[in-house]
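Down below is the structure, laid out as structure tokens.
Chains as they are written, first to last, in the working numbering: chain A, 32 to 454; chain B, 32 to 454; chain C, 32 to 454; chain D, 32 to 454.
Written out as structure tokens, the structure is:
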């Protein structure tokens, strides 16, 4: 899916007013749902996944709860029961429907949710022109929040559709022509006492700051991502059958779940096939490997005699690379790219890159006050940081300081691998 | 729901041709689905429950697999993948989609399933006029099979809707006016050497025969069903907290699942409310108690100093009572009835009555040959027999020899209680 | 293990005084534990299994609770906490340690339990001479109860030892020499209106009565048990891979647990080996198959074109056969026997024979009053009846009316197969 | 338990030869098991816990596998099956008995294991005098490994005994007299570019190095541990009922497991009681809180308006504090201590102190080669670092660079809390 499908253009995302950006994000979510039937939008394929219409409603609930109810005089709640149904995890916003049961809700239906969206969008118009900084900051947060859910809509529906033996496609797909893969080159970094983290200029999530000093030993980063072809060699070398390559927890999961390849890979007589948003197609050895867990990324790196980068190493390398650069003209989900210049390529917008850093608070971190303080901080345990964004991340959403995080066994995110080594 | 809602009239179900009855059963299933949105028809609320559109497709698959593919020259399968998706449990009919995953299928959608139905219904027309007895017998079976699924559609959607905090109603409900409950009278039966089971005249499932002799000691049956008011007294007497009233397996389940009342009962400040196909409403103490498990039926009987009847005791008592008699004018799901005449009332069409008989083969039972031989026999373990039909059983479907069966912990069937005692 | 190992002789068990029999049963339990280390006596290998020292303590608790505390003036409880630890399932006797946690109790140790036993045995002496019928009846029950636990001690320790990769033996075993297996002959029975169940003369458990009439159609019973050789042919014919042979619940369990043979069978390069109380040894094709579940017994019968007998069919056939007959001189656990005379052989004391009868109350059944009323009745759901006793059943314990019962998936009892068919 | 009970004296642990230290560690393990019956030594109370005799055997297997089999000419394995039974997690050392099934092994019995120990100890004598550095290094590792298991023996048996309703004591306990608790003072640290990690002089585990630079902002550490009294105030303030205090994963576990206090705390009518190795006793508000999970430590810190230290912050503060200092004269498990001097007290040997650092490889970390390379590295996911040792850690075992690690929900380790804050 290229950015056009989301209704964005690369230039448009810079410098627009809040009102314009609000309108655009609302419309983009709805365009994402357009190819999906009411039935598609209803299914929860595992507890981690939410139905499409739940995402559409929850992002509206966010604006309703944290903005309309607080700042819009006389605002009348669309439906008082929606607060219970569409609160995700905000304890301070009251009780809520259990996450694993989101797929039990046939009502409100997809059309009802669209009415809810229209109601919220329309009532937000006044607030969009408000001048209080708190309101503007919350709208910024709501927009960034909805962008996150746009990615989740695609991540989740891919999982839903993949479990259907009919293997239905979300969109018509794109022609895939394997490209030549450039030899693996390395970019070297000096290390030393450096600064990482967001400095507070412009929007960022609270977990990206504060900016702080960190010591780095010299290191090298691969100039491109690990390809499917390289990962296939790992599989063919017995990668999934050799415990010495794995973290202990990872090996336990490989054994218990019978993993033999990344999620969405299927071994057919005619070779590996993969399930994509465009349906089943032949694996392209030149494209970045995707839908691996942290455990698989770590095992691959060990097999290759390398390691994963820390998030600080990644961030230093990404400094100054324009985040939207990789995005505009992609005609396929996971473009393979030969490194186009000095320095790492495929940094933003291909696959999320697993780092070896556990998700934790930066020194001096303080969660925001109120319910939105639950946005990030309370998840700082047991998860690993990923960096860089993926092909279904909305343009303009990521930054070099952006920290995504998932449990190390998660495979339904678009997670891939960039290797590192000590210099 | 009265029988009119199913498109039946009491007279119509007798004496019609197979073709007419086929047409009627197909149309009735579709009318049952009419009030449901595509989202409603997609959800599987627990492994025992199937989505509405799955029922609609599976009943078509039955005709396609056991009739069209075998007997219709040149018949072209509607979609070769549907055989995998819509086979329920027929091992001989090939591999199939796992039952607990029926709720993961957004495709085919509800509209696709209706096209599949139309295709099957239309191609069946020729076979409806065929003269081979084997074909007619299989069509009879297919009709009875679809009638069973009509009841399941309503049982299952009730469960689906009940789990939604919005408590949506399937239909508009009916006014409920508590009636006076007649004192409990008893009908006495002599026992002796009797015969039970189907004698082979007219359609019956294989598990209803062969007709065979059985010795019965004299016994008495309650002339009416246990009411909600009586069951409420059991609750108020600590019924769910007294292990001595329960079978050991039942007590383990009461404790593990925290049962405190029948399924669909909710204790509110203003008294017990129950969820029905017409939505939430106040409990009517005069209506028969429903949605109890075998364990609860058995515990209630022990509390009352009585016992449940055996299926043979029930069948002897039901002999000669017209099965459709209770059905025509019901304006509510669970009508309470004072015994209208000598002999038991509420025998057919109110609630399925749990018996103390484990579901087992009758002496001399032989399962039918081929795949349809899997219809009944292989379930003869761990289940208990229920008799009599319930308010959502299609008219004309049940008989005095009819054997329904469920696991003793099942509460989503419309199961209720009739007491018995030794004479 | 022959009966001598239990300290019984065939003649001794008849006609002795209650005092003599009490003394004998207490001593026999202790002899059973003698070959076991304190460590062996501590382990609970699954929730169904109890540690040996728990059995030794619980059988003492039974006498202490239902006799000493009620009838022995001034009796001082050995340890007040033992009531909590060693109550099995008597709700009326107060709260108790959860069954799945019996293996967490290192204290009281095996030696402590022996002191408890000595204390109870010694204080029982006075009551053994009491003349109240209630006391005598409870002592009879206590003796029968302890005999049941003697069998459980051996059933359970076999399971415990089998899970140890060292495969330790309980006793030194016996030489096993395959015998010739007689051709399968059938005994035919007329059926008609018959009586079954205990008539109240002499001791019996409450579930064996009342004696009652039952109609039986003519039938035939195999004159001997199914052998391991015959069962091996079922395995080799794909018995565990053919769903059409299995009850639906059975097939689900075969698939989920990966069953491929009876419990304790291991396929080695040199053929089938089985684990016995005498350790691992080569399977003897002439011995009765043992450690099969009801599901396996049922599937085997279907494969053989036969069926299992009902418990009434079995009981009629067993009438007049002396229960202790098969027992005295067995030098091995599962002797294979050619039918020695007209009529069925191997009826008592080889393997428990699965019947097709669900465990249920006989007509007119009333559970005993008080806590001992929980002995049998509350288990009358979901279990199947087995008849005849097995090689580790204490001599004198079983009768033709004796009803054993287990869940249909239980394989650790000594359960085997006798075929039946309609005449 | 004071160090005398382990047979150590503070002076003795320094400067002794390898042979002396080997002999001492072997004897100390056996003294730890001495108060335990064979039954006690057999039980596995949860998958994380191992039976005492398993620990005794496994530590011998370690010397046998990595030293005797490789370096002792003509060494004959004690029992070839022990390799399977007593390998813990070394994939390279071959297949092994599943960890959750260690409690199923009644054989080898406790006495057998002691014979195994004697055999290994005796054959090690020659190697103790060998001069190859590789051998000496492996013996050092084996000693440190056995010391770790000494702590595990006590951690595990405490859990085993705690689940017994008889609440048996491991030892006779010590008189507990609440002391006055000093006001909480803080030690301040400048931070800056510092070095942490082991520098390679003397024995250390591989995960303690390499020594590396790290940037620290100025911070303060509490001069003493959080007391039971302070933790009780957290409980009384609703700490276990307020989701805003908890990490999301922690709150899910609090809810699912019903946590209301630290492990081993019991609320009685007369106040909190705790289970200790000396049995049940009244909680002493002046002693350090123990047996809390990381989640509880983190929630307490948030409630207190503070945070947990990072492991680097802890290590910098611990530099130069003699590790054995707190140990010698403790007459109780968890002595409460007023800070005795400038700087933090209770640093070593009271409770393990949870840090906010996820357990990860230090920059430049390389696991050792061969099977012992599995010792630490493969556990570097999902666990949190604890520092400082506890009252049952063998004297001489810990260092300021020592890294212990457990999953954040683990409560059976002796884990406690030291607060930190930004300066």
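Backbone N, C-alpha and C fix where the C-beta goes; we use that ideal spot for every residue, glycine too.
All figures in this text were calculated on a predicted structure; none of them were measured in a lab.
Give me the residue from the options with the minimum Cα distance to residue i.
i	options	result
residue 349(C)	294(C), 101(C), 252(C), 336(C)	252(C)
residue 217(B)	255(B), 247(B), 419(B), 183(B)	255(B)
residue 281(D)	96(D), 438(D), 340(D), 314(D)	438(D)
residue 377(A)	150(A), 215(A), 113(A), 60(A)	215(A)
residue 210(B)	160(B), 322(B), 259(B), 284(B)	259(B)
Is the shortest distance between the beta-carbon of residue i and the beta-carbons of chain D less than 8 Å?
i	result
residue 128(C)	yes
residue 288(C)	no
residue 275(A)	yes
residue 116(C)	yes
When the Cα atoms are used, what is the spatial distance from residue i to residue j?
i	j	result
residue 392(D)	residue 388(A)	10 Å
residue 397(C)	residue 245(B)	22 Å
residue 295(D)	residue 324(D)	12 Å
residue 58(C)	residue 407(C)	26 Å
residue 369(B)	residue 89(A)	Note on residue 369(B): pLDDT 47, under 50, position unreliable in the model; the coordinate value appears next. Between residue 369(B) and residue 89(A), the C-alpha separation is close to 51 Å.
residue 235(B)	residue 126(B)	28 Å
residue 443(A)	residue 193(D)	42 Å
What is the residue span of the beta strand (DSSP E) that residue i lies within?
i	result
residue 210(A)	Note, residue 210(A): premise wrong, no beta strand (DSSP E); not H, not E.
residue 250(B)	250 to 253
residue 304(C)	302 to 307
Alpha helix (DSSP H) containing residue i: first to last residue?
i	result
residue 329(C)	325 to 334
residue 437(D)	Premise fails: residue 437(D) lies in the beta strand (DSSP E), 435 to 437, not in any alpha helix (DSSP H).
residue 181(C)	164 to 193
residue 347(B)	342 to 349
residue 113(B)	113 to 117
residue 151(A)	141 to 159
Taking CB distances under 8 Å as the criterion, tell me whether residue i reaches chain C.
i	result
residue 73(D)	yes
residue 110(B)	no
residue 348(B)	no
Measuring only from the beta carbon, is residue i closer than 7 Å to any heavy atom that is part of the ligand COA?
i	result
residue 233(C)	The ligand COA is not part of this structure, which contains no ligands at all.
Measure from the C-beta of residue i to each C-beta in chain A and report whether the shortest distance is under 8 Å.
i	result
residue 294(B)	no
residue 195(B)	yes
Does any residue of chain B bring its CB to less than 8 Å from the CB of residue i?
i	result
residue 268(C)	no
residue 191(A)	yes
residue 278(C)	yes
Pull out every residue of the stretch 237 to 253 of chain C whose Cβ sits closer than 9 Å to any Cβ of chain B, in chain order. 243, 244, 245, 246, 247, 248, 250
### Interface positions of the stretch 389 to 422 of chain C facing chain D (Cβ-Cβ less than 7 Å), listed along the chain
none
*Return the residues of the stretch 134 to 152 of chain B that lie within a Cβ-Cβ distance of less than 9 Å from chain A, sorted by chain order.*
134, 135, 136, 137, 138, 139, 140, 141, 142
TODO: Using a Cβ-Cβ cut-off of less than 7 Å, give me the residues of the stretch 211 to 234 of chain D that come near chain A, in sequence order.
DONE: 224
* To do: Quick one: which residues of the stretch 59 to 93 of chain B get their C-beta closer than 7 Å to a C-beta of chain A? List them in chain order.
  => 68, 69, 70, 71, 73, 74, 76
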